[in-house]
Every structure is written in C-alpha cells, then in structure tokens.
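Student: Read in order, the letters of the sequence shown correspond to residues 1 to 356 in UniProt numbering.
The beta-carbon is built from N, C-alpha and C at its ideal position, and this holds for glycine as well.
Keep in mind it's a predicted model, so treat the numbers as computed, not measured.
Let me begin by handing over the structure; questions about it come next.
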Amino acid sequence: MIKNIAVIKGDGIGPEIVDEAIKVLKKVEEVYEHTFNLNYVKAGGEAIDAYGECLPEATVEACLASDSVLLGAVGGPKYDVQPPNNRPEKALLGIRSRLGLYSNLRPAKLFTELKDASPLKPEIVEAGIDFMVVRELTGGVYFGDHVTTSENDVEVAYDVMKYSAPEVIRIAKVAFETAMVRNKKLCSVDKANVLDSSKLWRKYVLEVAKDYPEVELTHMYVDNAAMQICKDPAQFDVILTENMFGDILSDEASMITGTIGTIPSSSLGEGTRGMYEPIHGSAPDIAGQNKANPIGTILSVAMMLKYSFFMEKEAQAIETAVQKVLDDGYRTGDMMDKHTTLVGCKEMGDLIVAAI
Ligand code: NAI
Ligand code: MG
C-alpha cells in the first residue's frame, strides 16, 4: 500500500521522539512492502520561529492532503510570551477542528514489566489495566461560549457546556465500534443527575446502543468514575465520555499505568484520516539530551497503521516489538527501576526496530 503521512515534529523532545517513530515506519515499509511518503511540515513553536504563526495554512493543507498526521509535541517556555491566539497549543486545537477530528482514543494499558511504576497497590495492578478512553473532542465546555462580564457591578464569568444530538450520536458510534473490536463492554460516563447536556448525552447513547445489542452498556457518574479508575481499573474495557470529563479521566488513566512516556493517542473524524501523537507534552526539561521515551510516539504509529490504514499485523508487530524490548529489561529514564538497563531515546528506537 502507498500512504501519505504529514509529519509534524514540533518542539522540545518532539524531533527526537518522532525520529525514532520514523525509523519504525521505515522498518515496517521494508518488511511489509508498503510505501510511506513523508511530508514534513511545521506547527507550534517551530512554526512560530520559522513563519511567525503557530499554524500556517500550508501546514493545514498538507494535513488535509495526507492520509494521516503524525505529531510529536508542541510548546515550551520560550513561547510563553506569545499572545493567546498564537500559542503553540492553539495549533493543536486548529488542526483538530480543521480536520474535523471529533474523537480522541487513549488506551490505558499497563505493561506488566512496568507494574512497579504504577502508583496503585500491587493487588489492584495485578488484576490488569487495559482499557480505552473514547473522549469527545470538538464539543462541550471547551468549545461553548466563554464570557467574562459583570452583573450588578459584580465580576462574573461563565463557560457553556453544550452538546447536540448528532454530536453525541457520532461519538457514541465510535465508542460502540471500539467496544466491538475489544471486549464488548462500554461504560458511558456523564453527570446526568445534574447536567442537561449529560441527560441528552445519556438519551442518545441509549439510542445508539440499540444498534449494538452485543455490547454490554453501563452508565457511571463522572465523580464515581474518577474513584473507580484508581480503585478497580480492571472493570473497564471502553469508557465513553464528553470532552472535559475525558480530558481529566484520560490523564488519570495514564498515570495509573506508571509513565506518560509510553501512551499513544489517536484523533479521528468521519473518514479514515487521523492525527496520531503521544499524550505527553514537549518535556523541555529533558529536550535535546537523548533521554526521552519514544514508545508513546512509536505506539502512536502502531495506532495509525491499525485505525487509519487497517494494517493489523503491522501494528501488532510494533506492539510485540515494544513488549519484547521491555521484556528484555531495557528502559528509558522515566521507566527505570533497579533491575533494568538504562538506554537513551535513540537506543530504544534501535532496539524496537531490531525486534520488528
Ligand atoms: P510534559 O508532558 O511535557 O512533561 C511532564 C513531565 O513528564 C516532565 O518531567 C517530562 O520530562 C516528563 N516526560 C514527558 N514526556 C516524556 C517522555 N516521552 N519521556 C520521558 N519523560 C517524559 O508536560 P508539561 O511539562 O506540563 O508541558 C511542557 C510543554 O508541553 C508545555 O509547553 C505544554 O503546554 C506542552 N504540552 C504539549 C502537549 C502536546 O503537544 N500534545 C500536551 C501537553 C503539554
Ligand atoms: Mg490534558
């Protein structure tokens, strides 16, 4: 197969981790006889440095013309002086909305080799942590009206959490489809005891459920979900939730797996084109030192192959290779314990390539 991939290295550790992911892509190209055409474009801080704007139109067009986008991470203290509409992070919101990427999939999977790194008790960890958070990405309070005003001479501010039926239906479909290829268990998280937007959410999740009789659907309030994720994460297979709840719960979910350095994510819309990126940021504290963990980005490539290009066995080969390298005891600094071998970002990439 021939696929066109727009590559945004970004800032901080972005270039280092993306370089390792590209090595993995090239290895897959060679072993499985595909052609990946890579189109390097800029966004975030690197685009501000080069063109003065965080998201040049040429970058958006390159992403729109691609079969998928691979991104490292953007941002850093150097850009704190930028006005709010030209912050590197704005580039991410811009790409998501221009590409219509309304669903964000973040797996929370604990590699058993990293179980000592989890902050949870061993008996909870041993029950297994392997679930997927499906987060709605272009609606809810982050995209509703934001107003700062005054009422009767008192300063007030409010943000509107708004969802439409079609927005709920399309993300619910993604979650049910995800559950169908996993263990057919879906937990929809809302706050339907208080919020009208959550009542609408629950109504249309139940509507979509009619098309997926095989999937066992449950509902949970978000405050309880926050407790259950650290008390008994093994109960979850797929969690479906709205934008802000998903932002918070998916960060919690990543922490219980030990390190944010290993976790990939995908953002998808109507078609098969997605944006794939690790969940962590640009880690300015370790940038340029060959210390970054490239596994989150490498597993993002595996997600791209699986969810956008339907290359199941290629994705599996990458996941198995990562597992093997961890089994063999190799770790970047963020995953280290006393029984393991410390390697740098480049060496970790090389080891994974060799294991494919
Ligand atoms: P961060 O995720 O960049 O770093 C948090 C901590 O985790 C740091 O100690 C860092 O060294 C460590 N870390 C992160 N990724 C790692 C990796 N792959 N290997 C080893 N250690 C790793 O979050 P922080 O410090 O809050 O943000 C730094 C910058 O990144 C900010 O400008 C922020 O806005 C931006 N950011 C960008 C994101 C993106 O591009 N998607 C997401 C989150 C933050
Ligand atoms: Mg977050």
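For ASP327, does the three-state DSSP call read helix, strand or coil?
Tutor: Residue state, collapsed to three classes: helix.
Student: Does the ligand NAI have a heavy atom nearer than 7 Å to the CB of SER266?
Tutor: no
Student: Would GLU286 pass as a contact of ILE17 if the rule is Cβ separation under 8 Å?
Tutor: The sequence shown places Ile at residue 286, not Glu. No; because the gap between Cβ atoms is not below 8 Å, this pair is not in contact.
Student: Is ASN293 close to the ligand NAI? I mean its beta-carbon at under 7 Å from any heavy atom of the ligand.
Tutor: yes
Student: Report yes or no: do three or more beta-carbon pairs, one from the region 144 to 156 and one from the region 181 to 189, lie closer than 8 Å?
Tutor: Too few Cβ pairs lie closer than 8 Å, so no.
Student: Confirm the yes/no value for this check: CB of VAL74, any heavy atom of the ligand NAI, distance under 7 Å.
Tutor: yes
Student: Just how far apart, CA to CA, sit ASP223 and GLY296?
Tutor: For ASP223 and GLY296, the distance between alpha carbons rounds to 28 Å.
Student: Kindly indicate which three-state DSSP category LYS78 falls into: helix, strand or coil?
Tutor: helix
Student: Measure the Cβ-Cβ separation of ILE5 and LEU55 and say whether it is below 8 Å.
Tutor: No, they are not a contact pair.
Student: Assuming ASN293 and THR262 make a contact with CB atoms under 8 Å, what is their CB distance in whole Å?
Tutor: 6 Å
Student: Go ahead and pull the three-state DSSP assignment for residue 420.
Tutor: With the chain running from 1 to 356 in the structure shown, residue 420 is simply not present.
Student: Do ALA73 and GLY271 come within 8 Å of each other at the CB atom, strictly closer than that value?
Tutor: Taking 8 Å as the Cβ cut-off, GLY271 and ALA73 do not qualify as a contacting pair.
Student: Taking buried to mean at least 16 other C-beta atoms within 10 Å of its own C-beta, is ILE352 buried or exposed?
Tutor: buried
Student: Over the uninterrupted alpha helix (DSSP H) stretch that includes ASN104, give me the two end residues.
Tutor: Here ASN104 belongs to no alpha helix (DSSP H); instead the beta strand (DSSP E) covers 103 to 109.
Student: Under 7 Å: does the beta carbon of ILE260 sit that close to some heavy atom of the ligand NAI?
Tutor: yes
Student: Reducing DSSP to helix, strand and coil, say where ALA73 ends up.
Tutor: Annotated three-state conformation of ALA73 is strand, per DSSP.
Student: Apart from the five residues on each side of it in sequence, which residues of its chain come closer than 7 Å, Cβ to Cβ, to ALA321?
Tutor: ILE352, ALA355, ILE356
Student: Among ASP251, GLY45, ARG106, CYS63, which one has its Cα closest to the Cα of LYS78?
Tutor: GLY45
Student: Starting from CYS230, trace the alpha helix (DSSP H) in both directions and tell me its first and last residue.
Tutor: 222 to 231
Student: In the DSSP assignment, the beta strand (DSSP E) including ILE95 goes from what residue to what residue?
Tutor: It is not in any beta strand (DSSP E) - ILE95 instead sits in the alpha helix (DSSP H) that spans 88 to 98.
Student: Do ALA172 and VAL208 come within 8 Å of each other at the CB atom, strictly closer than that value?
Tutor: yes
Student: So is SER198 buried or exposed if we call it buried at 16+ other beta carbons inside 10 Å?
Tutor: It counts as buried.
Student: Could you compute how far the alpha carbon of ALA192 sits from the alpha carbon of PHE176?
Tutor: 20 Å
Student: Go through the region 159 to 227 residue by residue and report every complete run of the beta strand (DSSP E) that reaches 3 residues or more, in order.
Tutor: 185 to 190, 216 to 221
Student: Are there any heavy atoms of the ligand NAI lying less than 7 Å away from the beta-carbon of PRO284, as far as the coordinates show?
Tutor: For the ligand NAI, at least one heavy atom lies less than 7 Å from the Cβ of PRO284.
Student: Going along the chain, which residues of its own chain have a beta-carbon closer than 7 Å to the beta-carbon of VAL156, five neighbours each way excluded?
Tutor: THR149, SER150
Student: For a test of your reading of the model: does the CB of LEU249 fall under 7 Å from any non-hydrogen atom of the ligand NAI? Yes or no.
Tutor: no
Student: When the Cα atoms are used, what is the spatial distance from PRO278 to ARG106?
Tutor: 9 Å
Student: What residues match up with ASP130 in a beta bridge as DSSP calls it?
Tutor: LYS109
Student: Assign PHE36 to one of two classes, buried (16 or more other C-beta atoms within 10 Å of its C-beta) or exposed (fewer than that).
Tutor: buried
Student: Just confirm the distance between the C-beta atoms of LEU249 and ALA225, as a whole number of angstroms; I'd bet it's less than 8 Å.
Tutor: 6 Å
Student: Could you check the C-alpha separation between TYR32 and SER103 for me, to the nearest Å?
Tutor: 29 Å
Student: Check whether the Cβ of HIS219 sits closer than 7 Å to any heavy atom of the ligand NAI, and report yes or no.
Tutor: no
Student: Taking ASP49 as the reference, which of ALA165, GLY76, ILE298 has the closest Cα?
Tutor: GLY76
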